[in-house]
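A short write-up of the structure that comes next.
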Amino acid sequence: MARGEKWEAPAIDVHTPSVARMYDWLLGGVENYLSDRAACAKLLEIVPSSPTLARNNRAFLRRVVKTLVRDYGVEQFIDHGSGLPTQENVHQVAQRLNPACRVVYVDRDPIVLAHGRTTLDENANTAVIEADMRDTEEIFGHPDTERLIKRGRRTAALFVSVLHCLPDSGDDRDPAVVVRRTAARLRELGPGNLMVICQLVSDDPEVRRKVTELMVGSTHGNWGRVRRRDEVRAYFAGFTVLDPGLVDVVDWRPETAPPPVDRRPPEWVEWGGVARL
Ligand SMILES: C[S@@+](CC[C@H](N)C(=O)[O-])C[C@H]1O[C@@H](n2cnc3c(N)ncnc32)[C@H](O)[C@@H]1O
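The sequence shown begins at 1 in the UniProt record's numbering and counts up by one.
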């Protein structure tokens, strides 16, 4: 917002659950409404382990960012579907190791954007942009992205716990196509760039069906699908996957070995890994 411009409160639909606010509730946050909490209550009936899953995912995000900065020299991140700010957001983790790290946060939820602009857009090396994660050209061509993300500096695109928000459209909005288009843009920035991808998967067809029905219905269609492992594996086709491969995110380079048994949701997992292009 330019200086002197009048600030307008974002239009927040408090009656329709939002994925960002539900995830906030699952993580113990307070930026959620009655509709979100009611939808979470229904979700817990199907998958009681959801809060554990959310915490596992957030811990993975912190771990992977730390690893990419420390061990792979990543200096620039594009965080697709960044979510409501919580403790230890991407730029805080990255800039603790390297204060020069740059982060572009992308989301389209008005409450994420409102909070993000006060909490995430914290220093000259971060920006929050409003975009649909499927609009790759808009994201890479955004003035803030062009200001922060420079060719020749190691860059990572994050799609952490977001691709299940996208339906299979069978066209250029399809999640697999979005991944390939983003990879192509990363390759243009230089060799060795990375992509982090994980999403909700279940081996149980009933869990996949029930959660998908609940989320698509609750969000009025603003959701995609719980997928199978092989569908997520297909996102990585043609990429070099870093160790330990595609796994439950709890098993992605855990800091304590082995992770406690109560951190393993039986019904579903966030599943994925890291690819080097
Ligand atoms: C489950 S949260 C994940 C947050 C964060 N990536 C993490 O792992 O902690 C999903 C986020 O994706 C955002 N989102 C969903 N669909 C989106 C879309 N098409 N474009 C941009 N953001 C989207 C939601 O608003 C929400 O903030």
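Cβ coordinates follow ideal geometry from the N, Cα and C atoms, glycine included.
Secondary structure of residue i, DSSP reduced to three states
i: M133; result: coil
i: I111; result: helix
i: W271; result: strand
i: T118; result: helix
i: residue 282; result: Given that the chain is displayed from residue 1 to residue 277, the structure contains no residue 282 and the question cannot be resolved.
i: residue 282; result: The first residue shown for the chain is 1 and the last is 277, placing residue 282 beyond what the model contains.
i: A54; result: helix
i: A124; result: coil
i: T145; result: helix
i: F159; result: strand
i: D36; result: helix
i: R227; result: strand
i: D168; result: coil
i: D248; result: strand
i: R276; result: strand
i: L61; result: helix
i: V264; result: Looking at the sequence itself, residue 264 is Arg, so the reference to Val does not match. R264 falls in the coil class under three-state DSSP.
Same chain, Cβ closer than 8 Å to residue i, five either side skipped, listed in chain order
i: N193; result: R154, T155, A156, A157, L186, R187, R276 and L277
i: D79; result: V90, V103, V104, Y105, V106, L158 and V160
i: L246; result: R229, V232, R233, F236, W271, G272 and G273
i: V19; result: D109, C165, M215, T219, N222 and W223
Same chain only: Cβ atoms within 7 Å of residue i, ignoring 5 sequence neighbours per side
i: R70; result: L97
i: P167; result: G224 and R225
i: R263; result: T52, N56 and V250
i: D121; result: A127 and V128
i: E31; result: R21, D24, L84, I111 and H115
i: S49; result: P265, P266 and E267
i: L68; result: V74, A156 and L194
Cβ neighbours of residue i in the same chain (closer than 6 Å, five flanking residues each side left out)
i: T240; result: R276
i: C40; result: M22 and W25
i: Q95; result: C101
i: V65; result: V90, V93 and A94
i: T212; result: R225 and V226
i: L61; result: V160
i: Y33; result: V14
i: I12; result: P110 and I111
Cβ of residue i within 9 Å of any chain C Cβ
i: H15; result: Looking at the structure shown, chain C is missing, and only one protein chain is on hand.
I'd like the ranges of any beta strand (DSSP E) spanning at least 3 consecutive residues and lying wholly in the segment 63–109.
76–80 and 102–107
Taking contact to mean at least 3 C-beta pairs separated by less than 8 Å, is the segment 130–137 in contact with the segment 175–182?
yes
Any chance the segment 158–166 sits against the segment 213–226, with 3 or more Cβ pairs inside 8 Å?
yes
With three or more beta-carbon pairs closer than 8 Å as the criterion, would you say the segment 50–58 touches the segment 248–267?
yes
Please list the segments of the beta strand (DSSP E) lying wholly inside the segment 190–225, counting only runs of 3 or more residues, in order along the chain.
194–201
Taking one C-beta from the segment 195–206 and one from the segment 112–119 each time, how about it: are there three or more such pairs within less than 8 Å?
no
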